[in-house]
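Peer 1: Quick one: this structure, given as structure tokens, is what I'll be asking you about.
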Amino acid sequence: MPVPMIVFTDLDGCLLNHGDYSYEPALPVLDHLQKLQIPLVLCSSKTEAEMRPLAEELDASPTIICENGGVVCWDAAGDRTVLGADREKILDVLSDCKQQYQFSSFRDLGVEGIVRATGLSIERANLAAQRYCTEPMLWEDDDARIEPFREELQKHQLQLTRGGRFWHVAGQTDKGRGAAAVYQRISDSCDKTLTSVALGDSPIDQPMLEWANIAVVVPAPDGTIRLHFEHPHKIIAAFPGSKGWAEAMTRVLDHMLSS
């Protein structure tokens, strides 16, 4: 590995544009990472079924971190480590919560509802529904009731995190823990200390960005910053989406290659 670095990236609203899911502006940087033999590890709320084709399309690392760090899929052959709570447990708890709160989980929405909520094709929505250990949901209640709902989930060792479009219910894991597990295995295999870079745009990415050596915050589509935390090496991308991802990663690479 000529450049001792590993890159962890969120997808929607970050490497992929919000809305059209394009990554075209990032193609030159993705090509540069490949030439430098820098692993690009995808880390998303998406499922393994959704992420595997994209990882192959991008020529990214075969190791992917799915469902917000709930499961690490080490390769396409089915070697995976589940770090989160079982989805059926989550659905049981949410079923009980339905008596007090108004929301629609992916199970409630079904494939057609996921299509309406995301703009995905039916095929892609079906892949999004194939989950191991998380449940995205649309909050349809008063915003003031989020905290009581969160506290109810915590009684069952579950957590609630805000993503781009959805709230996500999961066990006691996050993208930071998933990234740390992958970092350990990759750094051990190459017997080097690697600089970790993490890119994200929403609060659900914060544990991963706080953990990394270099944290890149990508603005929301309207230009606002939704992540606020202290970090000694934090970069704010100049643009939203894939264009901002490419701009910030270019800065990181220029610094790494000149030092």
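Residue numbers (my numbering): 1341 to 1599.
A virtual CB, placed ideally from N, CA and C, is assigned to each residue, including glycine.
On a predicted model such as this, the values are computed, not experimentally measured, just so you know.
(1) Spatial neighbours of A1395 within its chain, please: C-beta separation below 8 Å, excluding the five flanking residues on both sides.
(2) Pull up the distance between the alpha-carbon of H1358 and that of S1599, whole angstroms please.
(3) Skipping 5 residues on each side, what residues in its chain have a beta carbon closer than 6 Å to that of M1341?
(4) When we look at the beta-carbon of Q1470 and count the other beta-carbons within 10 Å, is it buried (16 or more) or exposed?
(5) When the Cα of A1389 is compared with those of T1458, H1372, E1463, P1365, which residue comes out closest?
(6) What residue range does the beta strand (DSSP E) around V1522 cover?
(7) Going by other Cβ atoms of all chains shown within 10 Å of its Cβ, with 16 needed for buried, is I1576 buried or exposed?
(8) Apply the 10 Å Cβ neighbour rule to T1533 and answer buried if 16 or more other Cβ atoms are within range, or exposed otherwise.
(9) Ordered along the chain, which non-local residues of its own chain (more than five positions away) have a Cβ less than 7 Å from that of R1490?
(10) Kindly indicate which residue of Q1374, S1536, S1444 has the alpha-carbon position closest to the one of Q1524.
(11) Rounded to whole angstroms, what is the Cα-Cα separation between E1364 and A1588?
(12) If the criterion is Cβ atoms closer than 8 Å, does the pair L1423 and V1411 meet it?
(13) I need the DSSP call for M1341, collapsed to helix, strand or coil.
(14) Kindly indicate the opening and closing residues of the beta strand (DSSP E) around F1443.
(15) Less than 8 Å between the CB atoms is what I'm expecting for L1431 and R1447, so what's the real figure, rounded?
Peer 2: Result, derived from the coordinates:
(1) Locating residue 1395 in the sequence shown gives position 55, counting from the first residue. So the list reads L1382, S1401, P1402, I1404, once near-sequence residues are dropped.
(2) The residue you call residue 1358 lines up with position 18 of the sequence shown. The residue you call residue 1599 lines up with position 259 of the sequence shown. If I take the Cα positions, the gap works out to 34 Å.
(3) Your numbering for residue 1341 matches position 1 in the sequence shown. For M1341, the predicted model reports a pLDDT of 49, less than 50, meaning its position is unreliable; a value from the coordinates is still stated below. Answer for M1341: Q1377, C1530, listed in chain order.
(4) On the sequence shown, position 130 is the one that residue 1470 refers to. Under this definition Q1470 is an exposed residue.
(5) Within the sequence shown, numbered from 1, the residue matching residue 1389 stands at position 49. Looking at the Cα atoms, E1463 is the closest of the given residues.
(6) On the sequence shown, residue 1522 is found 182 positions in, with the first residue counted as 1. Where V1522 is concerned, there is no enclosing beta strand (DSSP E), although the alpha helix (DSSP H) it sits in stretches over 1515–1530.
(7) By one-based count along the sequence shown, residue 1576 stands at place 236. Exposed, because fewer than 16 other Cβ atoms sit within 10 Å of the Cβ of I1576.
(8) Counting from one through the sequence shown, the residue named residue 1533 turns up at place 193. Classification for T1533: exposed.
(9) Translated into positions along the sequence shown, residue 1490 becomes position 150. Cβ within range, chain order: L1500.
(10) As a working note, residue 1524 is residue 184 in the sequence shown. Closest option to Q1524, Cα to Cα, is S1536.
(11) Mapped onto the sequence shown, residue 1364 falls at position 24. Mapped onto the sequence shown, residue 1588 falls at position 248. Cα-Cα distance, rounded: 15 Å.
(12) Translated into positions along the sequence shown, residue 1423 becomes position 83. Translated into positions along the sequence shown, residue 1411 becomes position 71. Cβ atoms of L1423 and V1411: closer than 8 Å.
(13) Here the question's residue 1341 lines up with position 1 in the sequence shown. In this prediction, M1341 scores a pLDDT of 49, lower than 50, which makes its location untrustworthy; the coordinate-derived value is nonetheless stated afterwards. Looking at M1341 - three-state DSSP - the assignment turns out to be coil, as it is neither helix nor strand.
(14) Counting from one through the sequence shown, the residue named residue 1443 turns up at place 103. Where F1443 is concerned, the enclosing beta strand (DSSP E) stretches over 1443–1445.
(15) Start at 1 with the first residue of the sequence shown, and residue 1431 comes out as number 91. Start at 1 with the first residue of the sequence shown, and residue 1447 comes out as number 107. Contact holds; Cβ gap of about 6 Å.
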